[in-house]
């Protein structure tokens, strides 16, 4: 059984990779996927502490996070499709409608 | 077997996560992200979270990623959208710097968890029976609210898809 901090290190690495993806990429679809990556890193931390403390509540939180992430992905992708129909692009730098 | 499995799954998860954010084509990103989600599901299994392992495979690696790949194919992005990453831009430099600082912060934060060891858990921990026993007693109201949220998301997506902006 690998110790707790090794799981947490993997989780931190996944979160940082997702964060760098959100900050550096300009493709809306890849940014959405990076957000999924960050949510998964948080889920891994919850599951790790649920296992370490022997309480099932952490796993229930992961269950809720997965349900909310599914809703978020559906709404986010619908927004991507609506934006693409309007601007014919998925480049984030082209979506400047609010400050024009 | 235990530590070896952990290291293989961790290497696959981190490697495919890196591949997700550096690839040019969104479809390749989606496929490597699916691999990453499967590896995280395996990590859930090593944490004796059997129910989460199944849910992660069904909902995340299954439903959500199928939706993402479906949208990528629907949009049919041309070559103009798939221009090279341009790693010399200042934005990439700044986000890399933020990433290193965040990793240092998180690594420092989890040094506090170094003393926590994983003891034995009762038989059936993380199975359907133990999850359901807590979910439908202590967490009944959050469960119902999540079902309302999913319904609202469903209606919202249909409205978004019908509307002409």
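Chains as they are written, first to last, in the numbering used here: chain L, 14 to 113; chain R, 142 to 306.
Where is the CB? At the ideal position from N, CA and C, for every residue including glycine.
- Whole angstroms is fine: what's the gap from residue 295/R's alpha carbon to residue 251/R's? 38 angstroms
- Item | Enclosing alpha helix (DSSP H) for residue 53/L [first to last residue] | 41-66
- Proximity below 8 angstroms, CB of residue 32/L to CB of residue 51/L: yes
- Kindly list the residues whose CB is nearer than 6 angstroms to the CB of residue 305/R, restricted to its own chain and excluding five residues on each side of it in sequence; keep chain order. none
- Count the other C-beta atoms from every protein chain shown that fall within 10 angstroms of the C-beta of residue 151/R, then say buried if there are 16 or more, exposed otherwise. buried
- Task: Throw me the rounded Cβ distance for the residue 78/L and residue 104/L pair, which I believe falls under 8 angstroms.
- Result: Actually they do not touch by this definition, with Cβ atoms about 29 angstroms apart.
- Around the C-beta of residue 53/L, are 16 or more other C-beta atoms found within 10 angstroms, so that it is buried, or is it exposed? buried
- Measuring CA to CA, which of 199/R, 206/R and 181/R is closest to residue 146/R? 181/R
- Message: Going by C-alpha to C-alpha distance, which of 40/L, 26/L, 65/L and 101/L sits closest to residue 254/R?
- Response: 65/L
- So residue 212/R is in the alpha helix (DSSP H); what residue range does that whole segment cover? 206-216
- Item | Alpha-carbon spacing of residue 260/R relative to residue 19/L, whole angstroms | 15 angstroms
- Item | Segment limits, alpha helix (DSSP H) that includes residue 166/R | No alpha helix (DSSP H) contains residue 166/R, which DSSP labels as neither H nor E.
- Message: 8 angstroms is my cut-off, CB to CB: does residue 55/L come that close to chain R?
- Response: no
- Buried versus exposed, by CB contacts within 10 Å (16 or more), residue 216/R: buried
- Whose C-alpha, out of 48/L, 61/L and 26/L, is nearest the C-alpha of residue 36/L? 48/L
- Query: Out of curiosity, what's the CA-to-CA distance linking residue 43/L and residue 154/R?
  - Reply: 17 angstroms
- Query: Hey, how far is the Cα of residue 269/R from the Cα of residue 191/R?
  - Reply: 8 angstroms
- Do residue 202/R and residue 178/R come within 8 angstroms of each other at the CB atom, strictly closer than that value? yes
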